[in-house]
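Read the structure below first, then the notes.
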């Protein structure tokens, strides 16, 4: 909420902040790090974990955070080489003037001129963001145990239990910050109007889901920037759907965190409702997005609305095998919940035909028969389901339902790399 | 599944109301379904032995029934081991689980049967029901943990292994965590469980997340839930369950005066004796 303050007072405050500049001094290692970062960005081959990526990956989070602010004058100088006035954002949102020594300014101008010789500021920002993305995606590394002072931390879990809490690497944060500085040509920062930024959020959101890395800040920012992008809305919905899944929500609910830290996750019902809203928005943006419709059906079913779920799942149309399987499998469950047993059987049989090695539809068929007292059908059907128990993990896509929304990540990454190489 | 004993009733039809023209026979097949109820009787925590049919009263949907049979330690048992083989079972827990499983197999008699079913995200049946405990032991040695936990899918599949005509079925479930992967839902499987004769005993590890499903299932089938602090004493827990199960009574009666289909609420009481009776809450009959 914004409280009402007389206008002259605000003007006075702005004037005071602008007239009371911050003096920033670069020591030698700090200036060297800035040079090293820009060199790494230029040397890095996008989509690989090369030496440049590994060098930057070794930097501690505090240095990465400092780099974010140190990069600001360089970007300003790339855009306006003759500028003498620099500003920095403050916690209040009111910019403050920044003063650099003549010596520092000279070096910053030199760094900016070298970077500008390869392209504009947006190019540097996008290549920089991809460097940190590649580190997050490809460079193995384990953060230290989480400390109360950490800006953000990562909760590690598997098989429904907490495995650890570590300080976040900071790679995603700096990548997002770099993208936030992307401008329209000659204009102010406006990442929401940039196609590369949009595709970057699509790819990274898909990756975070595929890798089961539940970074809520990433999805929040993606939706803020692209509130009408069907793909991003669908991926954000899948993220909240995952938060509401039993194996995840229970862990988050009972997480042992560093003192003072907390996780902003709603109840299962709240998360399902957020997911529902995002899927519905995704479908308003792109009505033919079958996956959003299937996931909406799943969420509606979990919210106890089988008739609505059946409607969505029936309308989902896709040529993709895995989506046809999910639609049939989940439709079977919701038809059963709606009391339409014969149709449920037909839907499960369809799912079993799409993935003959899948256990889930066969077990469901057996269980339907058992509940109806058809023991002579139920027992052999269950045995048949168990007998198909395969050795390869993709035999039943149900097992990967919560990460499946991210299955397009490789194609999206290739697309992004090609786009970056092509240039503006 | 409700266990049914088929009784073929042969009816000699005679033509009455006048002179018998000819003697004819017609055979009608009629299935009178016997209901079996596995019952544990304790008094101050101690198991009460030596009871007879006359000591029990079974009320089926409010109607007192005539008990035909009450056996104790006479029928063979089938132990279905349904064991969590998800990733979290790696290491010491797996060693403890194998030792506990072996101890149960060691406690079986020649006429008893056993099966081993495991569940991670997928359900596997390393050994179907057999009287050869050695085969189950070998299967137990071979299983390896991996993946997530499809507890509900696994328990449902194990229930379908029960229901053989020979003996009583003990479904012994062990899980060290929450369900993270099942497709089947707990409420539907609990509904299916209304038709099983198997008694479910479940063992879970404290602090791994409470499973209402296992608690509800055990209560519904007349079994019990054991929560352990660690798997160190798992062997003792498993053997204790087997011992307790052997000391249960199997009551059998043919329902009379109640509707054939639907849910039958059961109450089992002692007549003229003190004690606590643990039995399944009821059974589902018909379609």
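Protein chains in written order, with our numbering: chain H, 6 to 429; chain A, 348 to 634. Even for Gly, the Cβ is constructed at its ideal location relative to N, Cα and C.
Neighbour flag for residue 371 (chain H) against chain A, beta carbons, 8 Å: yes
Proximal residues to residue 235 (chain H) (C-beta, below 6 Å), its chain only, five neighbours per side dropped: 287, 290, 291, 294
Closest Cα partner of residue 433 (chain H) within the set H:263, H:39, H:340, H:62: Limits of chain H in this structure are 6 at one end and 429 at the other, which puts residue 433 (chain H) out of reach.
Residue-chain proximity (residue 368 (chain H), chain A), Cβ-Cβ < 8 Å: yes
Boundaries (first-last residue) of the alpha helix (DSSP H) holding residue 221 (chain H): 221-230
Cutoff 8 Å: residue 560 (chain A) Cβ touching any chain H Cβ: no
Sub-8 Å separation of residue 531 (chain A) and residue 567 (chain A) beta-carbons: no
Test: residue 359 (chain H) CB closer than 8 Å to a CB of chain A: no
Beta strand (DSSP E) runs wholly inside the segment 252-308 of chain H, at least 3 long, in chain order: none
Buried or exposed by the 16-neighbour rule on C-beta atoms within 10 Å, applied to residue 440 (chain H): This structure does not reach residue 440 (chain H), given that chain H is present from 6 up to 429, and the question cannot be answered.
4 or more residues per run - each alpha helix (DSSP H) lying fully within the segment 495-545 of chain A: 498-508, 533-540
Of the residues A:480, A:450, A:496, A:503, the one placed nearest residue 376 (chain H), counting alpha carbons only: A:503
Strand pairing of residue 239 (chain H), partner residues [DSSP]: Paired residue(s): none; residue 239 (chain H) is not in a bridge.
Cutoff 7 Å; reference residue 45 (chain H); Cβ partners in own chain excluding five residues on either side: 57, 60, 61, 136
Presumed contact (8 Å Cβ cut-off) between residue 126 (chain H) and residue 179 (chain H), rounded CB distance: With a Cβ gap of about 16 Å, residue 126 (chain H) and residue 179 (chain H) do not count as contacting.
Contacting residues, own chain, Cβ-Cβ under 8 Å from residue 623 (chain A) (five flanking each side not counted): 388, 389, 390
Start-to-end residues for the alpha helix (DSSP H) that takes in residue 129 (chain H): 126-143
Chain-ordered chain H contacts of residue 546 (chain A) [CB-CB under 7 Å]: Per Cβ cutoff of 7 Å: no residues; residue 546 (chain A) is ~17 Å from chain H at best.
Other residues of its chain near residue 402 (chain H): CB distance less than 6 Å, five sequence neighbours each side excluded: 327, 330
Expected contact under 8 Å - CB spacing of residue 206 (chain H) and residue 231 (chain H) to nearest Å: 6 Å
Simplified DSSP assignment, three categories, for residue 587 (chain A): helix
Chain A residues whose Cβ lies nearer than 7 Å to that of residue 164 (chain H): 433, 434, 435, 495, 496, 524, 527
Rounded C-alpha distance that separates residue 311 (chain H) from residue 358 (chain H): 23 Å
Buried versus exposed, by CB contacts within 10 Å (16 or more), residue 43 (chain H): buried
Residue 619 (chain A): first and last residue of the uninterrupted alpha helix (DSSP H) it sits in: Here residue 619 (chain A) belongs to no alpha helix (DSSP H), and DSSP marks it neither H nor E.
Inter-residue spacing [alpha-carbon to alpha-carbon] between residue 353 (chain H) and residue 70 (chain H): 52 Å
Proximity below 8 Å, CB of residue 385 (chain A) to CB of residue 597 (chain A): yes
Continuous alpha helix (DSSP H) stretch holding residue 99 (chain H): start and end: Element bounds for residue 99 (chain H): n/a, residue is neither H nor E.
Residue span of the alpha helix (DSSP H) that contains residue 106 (chain H), given as start and end: That residue, residue 106 (chain H), is in no alpha helix (DSSP H); it is neither H nor E in DSSP.
Proximal residues, the segment 73-100 of chain H versus chain A, C-beta separation under 9 Å: none
Top-ranked residue by Cα proximity to residue 519 (chain A), from A:620, A:585, A:525, A:458: A:585
Residue 615 (chain A) vs residue 626 (chain A) beta-carbon contact at 8 Å: yes
Contacts of residue 376 (chain H) in chain A (Cβ-Cβ under 7 Å): 535, 538, 539
Spatially closest choice to residue 417 (chain H) from H:63, H:204, H:195, H:76, by CA coordinates: H:204
Closest residue to residue 169 (chain H) among H:336, H:261, H:248 (Cα-Cα distance): H:261
Sequence-distant residues of the same chain with beta carbon closer than 7 Å to residue 371 (chain H), five excluded per side: 383, 386, 387, 390
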